[in-house]
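Residue numbers (our numbering): 291 to 1513.
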């Protein structure tokens, strides 16, 4: 009980009085806290928000800022008193929004308390509630309860959706999985004590007032209403509707409106007074007053007498939790002896009572005055039979859902929801608990045993010292006739068959309980008898496609009975999108039999009947149907259920409801930290130092392999297509020609140490390794400009001291770099690529493109200096025309010239056609042939360029140089960390409809392996190729050109016809990369080397121009610059950049170009390897600082919402073409 603090002398007496007479405790707070809590925050901030009235005046915001502390203090005071008086076994029931923080505060003080919370008022939609500044604190405070109750199902759904959207929590039906707890959320419509009210109606005082009211209004139709004088009661709308009724249907009707005073209602009272005066002035007479308006409450007997005498009760509230006046009215009407007086109820559809009364009341939209006026007429003109039927239906509901039943139902649900979590002594983790459980099961021979275990539980145990013990126990259990073992998994049936094919006795439950492979059989059956026969399929698919397009890195998996939306949970935007997706599906299909499970990195959508509980029942039914009970001494079946996650709760619920008279012991073990229906817990979540991602050694690599491994066979099978063949030819030239060009540059600047064979060997080795073992085989790895720059820069440094040690020094540099690669991969440091956004990626892509063009120019300059002006001019002509040929043929593929097959063929083999023609052109007889230009220098097939073996004698290097190589190895790792991961990101760019998962940690580990091999054999260290990676994916993409017809005002025949090119699918496979590697190895043979020797270096300059321009043309920096130069009237109105100020775009591009220019300039100095690494390491921080500046100078109105949420920046996401596929 709350009351102002008594004086020092009176406090003791007050406490005794409350304890003795009311069995209550005092919560004493200062007057300032009491006033700030209730009058300021509750009434001026929280209550308007909850009732869809967003406070937006400076005064309201001041209250919000100053009263939150008082609100928190009041809740803390209640929590302290409750905790002080709490005893084991007590249930705590907290009421209404005034004490929303108490559940969480009390949970901290008394973790084992049984806490319930009931909200008596409205809970708004997430769009409204998110306007509250303290929204997350209030939600988290409420989630401290075990059970949260609401007046209506709508309010419950609003709360669940708000939690999903703002807190990104997991939900399932009426459960919210918050942190380590499970909270049940249900609707409990409150009622009245009808029997007590009926008794009060028989009192003489009430009967006396009934007689007086009947005498006063006996010849008139009486409409009664009782509301609080506030903005959400709908008083203004009601009076306007009544005024319209009197104008349209003149009659002897009197509206008696009782207005209960409310805080801050003075302004509203004045406005209502003017309306009342206008109505009475227009329609009153000497003997008739149509509207009687009380601005104060009346006595309770008078109130009951009015309800008894009334013909109609009217409520027009804009929002209301329940509104029990209608309940009182129907009881008063029911108590009458004459049925002809029984009237109708006009109820706002926004009041909670509307869901209780249903169509038995006249439901109205209070803003529709015409509808409300018509409802008054219809209610007054009800015939006796219909009035009796409506009254009886509502009365039965009021009797059935009374206050006593409401209280008992809530407390019963609260007590039943409290599940004791029995801790097993000495069992603190999966490694210790599961072996002991399985061991104990193996020693119980008397009964048949059904064991259902989650795949993830066994997988977690594989990392412990008990791995061999657990797997041997699984084999022992499945080999015993007493045991029937089923493994549950979210994976598809074909994946599970491949993973567990060595254990045919093991039963499998796949796809969240949809499909079952019976133990001892190879047959799969659908538990629910049908597949994909659900009405919601097409609608859900369109919603999923919408969110997939707007959530980079996400992908949708269509399964037998469900859809699974995969997203990167480490990215806050993706988590918000997943919550919005869950909310959208709930909103569209909440009335159908459907369930949405928001998991840690997935959103699963399936029919309500598709769950593990139904699968468990099917397994048990099949087991009992087998007539082999003679094999066991015990007549019953023991059941053991081990698993975790929200989907396993359906299985535990099924296990809890089994008839123990027919079933033996049921052991349920939950492998997590959340609240569960299972009495045993298996704490599998890593806490303490294990919860630090960098210390979870190998976890990222493990999950990378685990996600990609099921697709390995399809990666090979899907590669047997024509598209793969075209990609092999294209990528052979795109990968090999730049590698040879860079090798030629290194050949000249490293004392002829790196030659063409070294470059080919490095590219082939990397291609074969990554095509076989990589998690993302689309990423192209080979010799890059960065490593070329790195190699000859180190050569320039080493030659100052000891030139002969260059080979050994580079070997040790590669060894150190490999070690750092492996450390990064094992410690999950690739996670930090999430901080590299399009600002850095665009800058890096522009830098790479410029460097490629510079390299092309350097090749041509070398022609002038080495072979003279004639050779230089001819080389320039060949390079430029080669570039234009490739560019023209590739553009032809996206045009409408000729047929699709012809132009597609020319585009696919553009490099082949261009290379063959211009190489032959340089050998035309006559002046061209006599002009001596440079050609590729070659060496002996499969031999190093210098006279050495393929193994570097790295052990012969002095120790001091070994450690001097360490920082160079670290710098190599930094360069490769950024370059390779960006290359992997560009291979999965936004425009490519990829479906298979990638794996950044595992691929970086592989890059360390190829770096180690390259150092040992003395070849350039391969790295991810930024320009070539998207080219590889593009070459595997199937495009469809469709016709868009835009009608014009001139009519038929004058429409605009546009070709629209859509990416349909990508052939995701390993074959193209692997065959390309074999082809590059074949290029090291004598005949191919001889052919390569005929190629002029000018062709390689053209290759540099082609690849460099390809990187620049699609770059976001150039796209934004073109946008700035375009005339405004020709810019599409849907262009996202139109919502950003032009000076912001200029500043953004300028910052990017400054970074690009700095990197280009640094690349031309001897300090390149140090300064360049520093620039790319600092760039994300610079970007973050820039974005913080933008955040403070750009309002949300300046930038599209999706731009802000996608990456936290103003511009980069508007035109970027790279998908944010995060490690």
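All C-beta atoms, glycine included, are put in the ideal place defined by N, C-alpha and C.
Item, Value
"Determine the closest residue to residue 395 out of 379, 414, 373 and 388, with distance taken between C-alpha atoms.", "373"
"Compute the Euclidean distance between the alpha carbons of residue 1070 and residue 1319, then round it to the nearest angstrom.", "5 Å"
"Which runs of the beta strand (DSSP E) at least 3 residues long sit entirely within the region 411-463? Give them in chain order.", "437-440 and 460-462"
"On a Cα-Cα basis, can you pick out the residue from 941, 1164, 430 and 831 that is closest to residue 1220?", "1164"
"Using alpha carbons as the reference points, say which of 1323, 389 and 1119 lies closest to residue 324.", "389"
"Using the Cβ count rule (16 or more neighbours within 10 Å means buried), how would you classify residue 337?", "buried"
"Starting from residue 847 and walking both ways along the beta strand (DSSP E), at which residues does that stretch end?", "845-848"
"Have a look at residue 256 and residue 1254 and give me their C-alpha separation to the nearest angstrom.", "As displayed, the chain neither begins before 291 nor continues past 1513, which places residue 256 out of reach and without an answer."
"Just to confirm the assignment: which complete beta strand (DSSP E) runs, minimum length 3, are found wholly within the region 649-673?", "652-654"
"Who pairs with residue 805 in a beta bridge, going by DSSP?", "800 and 816"
"Secondary structure at residue 356, three-state DSSP: helix, strand or coil?", "helix"
"Within the same chain, show all residues whose beta-carbon is closer than 8 Å to that of residue 1408, passing over the 5 residues directly before and after it, in chain order.", "1136 and 1402"
"Quick check on the DSSP output: the beta strand (DSSP E) that includes residue 634 runs from which residue to which?", "634-638"
"State the CB to CB distance for the pair residue 870 and residue 829, rounded to an integer number of angstroms; the pair is presumed to be in contact (CB under 8 Å).", "Contact flag wrong, Cβ pair sits at about 16 Å."
"I need the DSSP call for residue 1294, collapsed to helix, strand or coil.", "helix"
"Going by DSSP, what residue range makes up the beta strand (DSSP E) through residue 332?", "Neither: residue 332 is in no beta strand (DSSP E) and is coded neither H nor E."
"I want to see whether chain C comes within less than 8 Å of residue 408, judged by CB atoms only; does it?", "Reference to chain C is not applicable here, since this structure consists of a single protein chain."
"If residue 641 sits next to residue 610, beta carbons under 8 Å apart, how far is it from one beta carbon to the other, in whole angstroms?", "4 Å"
"I'd like to know if the region 1137-1144 and the region 1170-1178 are in contact, where contact means that at least 3 CB-CB pairs between them fall below 8 Å.", "no"
"With a 10 Å radius around its C-beta and 16 neighbouring C-beta atoms as the bar for buried, classify residue 612 as buried or exposed.", "buried"
"Over what stretch of residues does the alpha helix (DSSP H) that includes residue 1173 continue unbroken?", "1159-1183"
"Apart from the five residues on each side of it in sequence, which residues of its chain come closer than 6 Å, Cβ to Cβ, to residue 357?", "326, 330 and 331"
"Which of the three DSSP states, helix, strand or coil, is assigned to residue 1191?", "helix"
"Run the CB neighbour count on residue 451, radius 10 Å, all protein chains shown included, and call it buried at 16 or more, exposed below.", "buried"
"So if DSSP puts residue 1350 in a beta bridge, which residue, or which two residues, is it bridged to?", "1332"
"Mind reading off the beta-carbon distance from residue 578 to residue 542? Whole number of angstroms is fine, and I expect it under 8 Å.", "7 Å"
"Would you tell me roughly how many angstroms separate the C-alpha atoms of residue 655 and residue 528, rounded to the nearest one?", "10 Å"
"My output table needs one value for residue 1515: the three-state DSSP class, helix, strand or coil.", "The chain is shown only over 291 to 1513; residue 1515 falls outside these bounds and no answer can be derived."
"Considering only C-alpha positions, which residue in the set 1133, 1306, 1233 and 668 is nearest to residue 1103?", "1306"
"Starting from residue 511, follow its DSSP beta bridges and name the residues at the other end.", "543"
"Roughly how many whole angstroms lie between the Cα atoms of residue 928 and residue 900?", "24 Å"
"On the three-state DSSP scale, how would you describe residue 897?", "strand"
"Helix, strand or coil for residue 1203? Go by DSSP, reduced to three states.", "helix"
"Rounded to the nearest angstrom, what separates residue 827 and residue 889 at their Cα positions?", "20 Å"
"Would you kindly report the start and end of the unbroken alpha helix (DSSP H) that includes residue 1315?", "Where residue 1315 is concerned, there is no enclosing alpha helix (DSSP H), given that its DSSP letter is neither H nor E."
"Specify, as a first and last residue, the run of the beta strand (DSSP E) that residue 928 falls within.", "927-933"
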